[in-house]
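S.K.:
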Amino acid sequence: MANTKSAKKNVLVNERNRTRNLRYKTLSKTVIKEANLAIESGHEQAEALVRSTLRTLDKLVSKGILKQSTVARKKSRLAIRLNKKVSA
Numbered sequence: 001m002a003n004t005k006s007a008k009k010n011v012l013v014n015e016r017n018r019t020r021n022l023r024y025k026t027l028s029k030t031v032i033k034e035a036n037l038a039i040e041s042g043h044e045q046a047e048a049l050v051r052s053t054l055r056t057l058d059k060l061v062s063k064g065i066l067k068q069s070t071v072a073r074k075k076s077r078l079a080i081r082l083n084k085k086v087s088a
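By the count of our numbering, the sequence shown reaches residue 88 at its end, each step adding exactly one.
#1: How should K84 be labelled, buried or exposed, when 16 other C-beta atoms within 10 angstroms of its C-beta is the threshold for buried?
#2: Identify which residue in K25, I32, Q45 has its Cα closest to the Cα of K63.
#3: Quick one: residues in its chain with C-beta nearer than 8 Å to the C-beta of K59, no 5 flanking neighbours on either side, listed in chain order?
#4: Taking the continuous alpha helix (DSSP H) assigned at K67, which residues delimit it?
#5: With a threshold of 6 Å on Cβ separation, who are the neighbours of I39 within its own chain once the five nearest residues in sequence on each side are excluded?
#6: Based on Cα-Cα distance, which residue from V50, A88, E15 lies nearest to K75?
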């Protein structure tokens, strides 16, 4: 248990940040999964859904939730999957 007043405050701040980050990370997994499902099913709105997914991922980088290289990898894989489906 925290001994000093500042350490007790830090415990509260860390918990608040942890729950916020968890919510955003869950959101990122959800939008990526939805985009992948739209691509695989050949949904007509797949391209728009992928675009909004990319926008969401970029926002997570700017908030500092995910690292830029992680998001770049996820965006690249989504784009490759979409382009394969569109060209086929």
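Note that beta-carbon positions come from the ideal geometry of N, C-alpha and C, so glycine has one too.
None of these values were measured; they are calculated from a predicted model.
M.R.: In short:
#1: Here residue 84 refers to the residue found at position 84 when the sequence shown is read from its first residue. Exposed: under 16 other Cβ atoms inside 10 Å.
#2: Along the sequence shown, read from residue 1 onward, the residue named residue 63 stands at position 63. Closest option to K63, Cα to Cα, is K25.
#3: Numbered from its first residue, the sequence shown carries residue 59 at position 59. Counting only Cβ-Cβ distances below 8 Å, and skipping sequence neighbours, we find nothing.
#4: By one-based count along the sequence shown, residue 67 stands at place 67. Where K67 is concerned, there is no enclosing alpha helix (DSSP H), given that its DSSP letter is neither H nor E.
#5: If you number the sequence shown from 1, residue 39 lands on position 39. Answer for I39: A46, R81, L82, K85, listed in chain order.
#6: As a first step, residue 75 must be located in the sequence shown, where it is residue number 75. Among V50, A88, E15, the Cα nearest to that of K75 belongs to V50.
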